[in-house]
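Novice: Dropping a structure here in structure tokens format, bear with me for questions.
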Amino acid sequence: MDSIAELISNIGQKALIASNTLRIADTDTKNNALLNIAAAIQENKQTILDANSLDIEIAKKNNSDSALLDRLMLNDDRLESIVEGLNQIVLLNDPIGEVSDLKTRPSGIKIGKMRVPLGVIGMIYESRPNVTIDAA
């Protein structure tokens, strides 16, 4: 990659392709994906913590303030909280396809609100690795 713009564009294009698959996925498929992410975090915990330590070192060298360092830091408890958050999402009802405020017009046409996937959302955030999972 030659630039951040190209990198972000590449990531966005891949996310768009993935969203086309995810938008038609059934609840079990989505829940299994979340459980697999949780398992991958647990299985790769030490690798994640080691990489985070490098991020912390770089942030310290760049004279980042203590509040930013605290937000950036991952530890066993924070990773476990991320995993628990994923497990809690699996327990929720899947809202996709849910219809509310359904009304029948005099002509017989039914009008209502249906929950549908949003698609791809780009986010910019600083120093909070857990936000990736929270937002997803």
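In this note's numbering, each residue carries its 1-based index in the sequence shown increased by 5. Using N, Cα and C, we set each Cβ at its ideal position, and we do this for glycine too.
1) Quick one: residues in its chain with C-beta nearer than 7 Å to the C-beta of TYR130, no 5 flanking neighbours on either side, listed in chain order?
2) Rounded to whole angstroms, what's the CA-CA distance from VAL121 to THR34? Just pull it up for me.
3) Unbroken alpha helix (DSSP H) runs of length 4 or more, entirely within the segment 47 to 108: which are they?
4) Hey, LYS118 and SER105 are a contact pair by Cβ (cut 8 Å); roughly how many whole angstroms apart?
5) Considering only residues of the same chain and omitting the five flanking positions on each side of GLN51, which have a CB-CB separation below 7 Å?
6) Does the distance from the C-beta atom of VAL88 to that of GLN47 stay below 7 Å?
7) Label LEU107 either buried or exposed according to how many other C-beta atoms from any shown protein chain fall within 10 Å of its C-beta, with 16 as the threshold for buried.
8) Any idea which residues DSSP pairs ILE29 with across the strands?
Specialist: So, from the data block:
1) Position 125 of the sequence shown, counting from 1, holds the residue named residue 130. Around TYR130: VAL136.
2) On the sequence shown, residue 121 is found 116 positions in, with the first residue counted as 1. On the sequence shown, residue 34 is found 29 positions in, with the first residue counted as 1. So the alpha carbons of these two residues sit roughly 16 Å apart.
3) 50 to 66, 71 to 77 and 81 to 96
4) If you number the sequence shown from 1, residue 118 lands on position 113. If you number the sequence shown from 1, residue 105 lands on position 100. Contact flag correct, Cβ pair sits at about 5 Å.
5) The residue labelled residue 51 in the question sits at position 46 within the sequence shown. None.
6) As a first step, residue 88 is located in the sequence shown; it is residue number 83 there, counting from the start. As a first step, residue 47 is located in the sequence shown; it is residue number 42 there, counting from the start. Yes; because the gap between Cβ atoms is below 7 Å, this pair is in contact.
7) As a working note, residue 107 is residue 102 in the sequence shown. LEU107 comes out exposed.
8) For the purposes of this step, residue 29 is taken as the residue at position 24 of the sequence shown. Partner(s): none; ILE29 has no beta bridge.
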